[in-house]
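Participant: Counting from 1, position 233 in the sequence shown corresponds to residue 233 in full-length UniProt numbering; the numbering is continuous, with no gaps. Just so you know, even glycine gets a beta-carbon here, dropped at the ideal spot from N, CA and C.
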Amino acid sequence: MWRKILLFLAFSCLAYARTRTTPTLLTEDKWHDLLQGEWLVKFYAPWCPACKALVETWEAVASWSEDLNIKVATIDVTENPGLSGRFLVTSLPTIYHVKDGEFRQYRGPRGENDIVSFVDDALWKDIEPVPWYSAPTSFHMGAIGMFFKLSIGIRDLHNQMTTDYGIPVWGSYCIFAVVTIFAGLLLGLLIVYLCDAMFPPSLPPVYNNQRHQMPPRPGQETMGDESDIVDDDLDDTKEEEKKEEEKKEEESKSSGGDVRPSTARKRVARAD
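Following this line, the structure appears as structure tokens:
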């Protein structure tokens, strides 16, 4: 009799412990816990009707966590918009199976037995893990998560300005437009300044003609020297021609012939 009572109490305690098991609530500060062990994580929103219908089923799945040696968690996308961008959550609810840092999205039926069999029978092995370029652990997916978080922050600020401070909607949009323009200008100036500081432009050297002159290259004289040489050659040629004409005139005088200079003879010949 006592044995039956003890067995009944033991099973009651086990059933109570199972019903008391609740999913773990993850946030942006604790989501890295998914990288260790095996997890089932659900993304939901409080306003989502399908998410509300899945609450009891998900709690029932969480009661099997100890038997399956798995952890069951939930993430509220309204409180953690950065995680919704990091995991590319486009529909709600979204379920991921995570094991040793590999992420697989569960797209099967959402019944308790279906989800438990998916883990117990290792059906997740038939699904390809999320590729590296869309893995939540990558740097660019973290950047997308930051943009999601920024967009939600801007939306909340817009709602606060229109509701709490009484600013009209068009006035709020104008404020955001002006801030965006000035932020772009400051960012552009900062980028230009950093580029000039890291890669300064190389300017050609400037020479002062009065103080400095370019030295001639070896084996090549300057233009002034070349013109002087050409003038000297012309003078030497004229002197030689003049000497030849005088020599011819002296020869013609000594021979008693035509004493006219050679230029005069050429003119007479042309006239004839």
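So what's Tyr-133 in DSSP terms, helix, strand or just coil?
Facilitator: Tyr-133: helix per DSSP, three-state reduction.
Participant: For His-32 and Gly-108, what's the separation of their Cα atoms in angstroms?
Facilitator: Whole-angstrom Cα-Cα distance: 25 Å.
Participant: According to the neighbour-count rule (16 or more other Cβ atoms, all chains shown, within 10 Å of its Cβ), is Arg-155 buried or exposed?
Facilitator: It counts as exposed.
Participant: Tell me, to the nearest whole angstrom, how far the beta carbon of Val-77 is from that of Phe-43; I am working on the premise that it is less than 8 Å.
Facilitator: Indeed, because the Cβ distance is near 6 Å, the residues count as touching under 8 Å.
Participant: Specify whether the region 142-160 and the region 73-92 touch according to this definition: at least 3 beta carbon pairs, one from each stretch, less than 8 Å apart.
Facilitator: As far as the Cβ criterion goes, the region 142-160 touches the region 73-92, which means the pair count is three or higher.
Participant: Please classify Thr-27 as buried or exposed, where buried requires at least 16 neighbouring CB atoms within 10 angstroms.
Facilitator: Exposed, by the Cβ-count rule.
Participant: Report yes or no: do the region 60-71 and the region 104-118 share at least 3 C-beta pairs separated by less than 8 Å?
Facilitator: Yes: at least three Cβ pairs fall under 8 Å.
Participant: Leaving aside the five residues before and after Glu-221 along the sequence, list all residues of the same chain whose C-beta is less than 7 Å from its C-beta, in chain order.
Facilitator: Here the model assigns Glu-221 a pLDDT of 49, short of 50, so the residue's position is not dependable, and the following value carries that caveat. Counting only Cβ-Cβ distances below 7 Å, and skipping sequence neighbours, we find nothing.
Participant: Would Cys-48 pass as a contact of Pro-93 if the rule is Cβ separation under 8 Å?
Facilitator: Yes, these two residues count as a Cβ contact at 8 Å.
Participant: I think Trp-39 touches Ile-75, with their Cβ atoms under 8 Å apart; what is that distance to the nearest whole Å?
Facilitator: Contact flag wrong, Cβ pair sits at about 11 Å.
Participant: Taking the straight line between their C-alpha atoms, what separation do you get for Glu-240 and Glu-251?
Facilitator: Cα to Cα, the separation comes out at about 17 Å.
Participant: Measure the beta-carbon distance from Ala-57 to Arg-104 and round it to whole angstroms, keeping in mind my assumption that it falls under 8 Å.
Facilitator: Residue identity check: residue 57 is Thr in the sequence provided, not Ala. The pair is not a contact, with the Cβ atoms about 19 Å apart (cut-off 8 Å).
Participant: Can you list, in chain order, the residues of its chain whose CB lies under 7 Å from that of Val-55, leaving out five sequence neighbours each side?
Facilitator: Contacts found: none.
Participant: In chain order, which continuous runs of the beta strand (DSSP E) of length 3 or greater are located wholly inside the region 93-144?
Facilitator: You should have 94-99, 102-106.
Participant: I'd like to know whether the C-beta atoms of Thr-137 and Gly-188 end up nearer to each other than 8 Å.
Facilitator: Going by C-beta atoms, Thr-137 is not nearer than 8 Å to Gly-188.
Participant: For Phe-43, write down the residues that DSSP places opposite it in a beta bridge.
Facilitator: Looking at the DSSP assignment, Phe-43 forms a beta bridge with Ile-75, Thr-94.
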